[in-house]
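Mapping of the sequence shown onto mature numbering (1 follows the signal peptide of the UniProt record, and there is no 0): residues -23 to -1, 1 to 133, in sequence order.
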Amino acid sequence: MHKRLLAALAILLVPFLAVVARAQEPMLLPVHPVPLVIETTAGERQVFIEVAVQPAEHARGLMFRTEMPDNRGMLFVFDQPTVRAFWMKNTPMPLDLLFIGEDGKVRSIQSGEPYSEASIAPPVTSLYVLELRAGTSARLGIEVGNQLRHPLIARQ
C-alpha cells in the first residue's frame, strides 16, 4: 500500500516539476532581421533585437537570462503610450531600460538591478521599451533625446 501511494505521488509530481522547470527557462524570441538603429551624437549605433509584442512576452521579457551578447536587446512594443512600470524579479542580468516615446525618441534611461522587485517607472509616457545589458547605453553613447529607427517604430 505504501509503495502504491509513493508511486501515485511520483506520477503526479513529475509533470508538476517539469512545468516548474520550464517556467524558469528563459524566453528566447527570434532576432528581428532588421537591426534597430540609434542616432547618437557620436554616430549611428546598431542593436540586434528580439521583439516582445504579446502580453505574455511582455510579462516574461528577459527573466531567467544569465547572458546576452553586448549588441543584443529586447524591444517591447505596446499598443498605446502610457507611463510604464517594469521590475527585475527573476532577472539575473543587470539591465539598462530605455523608455521610448511614440516618436521613437528616448525619453528616459533607467538601471535595473538583478532580482529587484522595485518598480522602474519613470514619469514619462512610452510606447516602446528597450532592454539592454547594463552599461550598453553609456558604452554606445545613448542619451535621452536620441532617435531610434526601426520598421516597428513609427516616427511621428
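A virtual CB, placed ideally from N, CA and C, is assigned to each residue, including glycine.
Gly122 versus Thr17 - alpha carbon distance:
For the purposes of this step, residue 122 is identified with residue 145 of the sequence shown, where counting begins at 1. For the purposes of this step, residue 17 is identified with residue 40 of the sequence shown, where counting begins at 1. Straight across, the Cα-Cα distance linking Gly122 with Thr17 is about 9 Å.
Thinking just about the alpha-carbon of each residue, which of His127, Tyr105, Leu125 and Arg116 is nearest to the one in Asn48?
Locating residue 48 in the sequence shown gives position 71, counting from the first residue. Among His127, Tyr105, Leu125 and Arg116, the Cα nearest to that of Asn48 belongs to Arg116.
I'd like to know whether the C-beta atoms of Glu27 and Val14 end up nearer to each other than 8 Å.
For this step, residue 27 is matched to residue 50 along the sequence shown. For this step, residue 14 is matched to residue 37 along the sequence shown. Cβ distance not < 8 Å, so Glu27 and Val14 don't count as in contact.
Report the three-state DSSP secondary structure of Glu120 (helix, strand or coil).
Counting from one through the sequence shown, the residue named residue 120 turns up at place 143. Correct three-state label for Glu120: coil.
Determine the DSSP secondary structure at Thr43, reduced to helix, strand or coil.
Along the sequence shown, read from residue 1 onward, the residue named residue 43 stands at position 66. Thr43 carries a coil assignment under DSSP once its states are collapsed to helix, strand and coil.
Between the beta-carbon of Tyr105 and the beta-carbon of Pro69, is there less than 8 Å?
As a working mapping, residue 105 is identified with position 128 in the sequence shown. As a working mapping, residue 69 is identified with position 92 in the sequence shown. The answer is no: Cβ separation not under 8 Å.
Quick test of your reading: Thr102 and Gly78, contact by CB under 8 Å. State the CB separation rounded to the nearest angstrom.
Position 125 of the sequence shown, counted from the first residue, corresponds to residue 102. Position 101 of the sequence shown, counted from the first residue, corresponds to residue 78. 7 Å between Cβ atoms; contact.
Let's see if you can read the secondary structure: which residues bound the beta strand (DSSP E) around Glu21?
In the sequence shown, counting from the first residue as 1, residue 21 sits at position 44. Its beta strand (DSSP E) spans residues Gly20 to Ala29.
Taking C-beta to C-beta, are Leu74 and Glu108 nearer than 8 Å?
By one-based count along the sequence shown, residue 74 stands at place 97. By one-based count along the sequence shown, residue 108 stands at place 131. Between Leu74 and Glu108, the gap from beta carbon to beta carbon is short of 8 Å.
Report yes if the CB atom of Met65 is closer than 8 Å to the CB atom of Glu90, and no otherwise.
Counting from 1 along the sequence shown, the entry for residue 65 is found at position 88. Counting from 1 along the sequence shown, the entry for residue 90 is found at position 113. In this structure, Glu90 lies closer than 8 Å to Met65 by Cβ.
Could you compute how far the alpha carbon of Arg42 sits from the alpha carbon of Pro71?
Taking the first residue of the sequence shown as position 1, residue 42 is located at position 65. Taking the first residue of the sequence shown as position 1, residue 71 is located at position 94. Distance from the CA of Arg42 to the CA of Pro71, rounded to the nearest whole angstrom, comes to 10 Å.
Using the beta-carbon count (16 or more within 10 Å), is Ala(-3) buried or exposed?
Walking along the sequence shown from the start, residue -3 turns up at place 21. Unreliable positioning characterises Ala(-3) in this predicted model, as indicated by a pLDDT of 41, which lies under 50. The coordinate reading is nonetheless provided below. With a threshold of 16 other beta carbon atoms within 10 Å, Ala(-3) falls short and is exposed.
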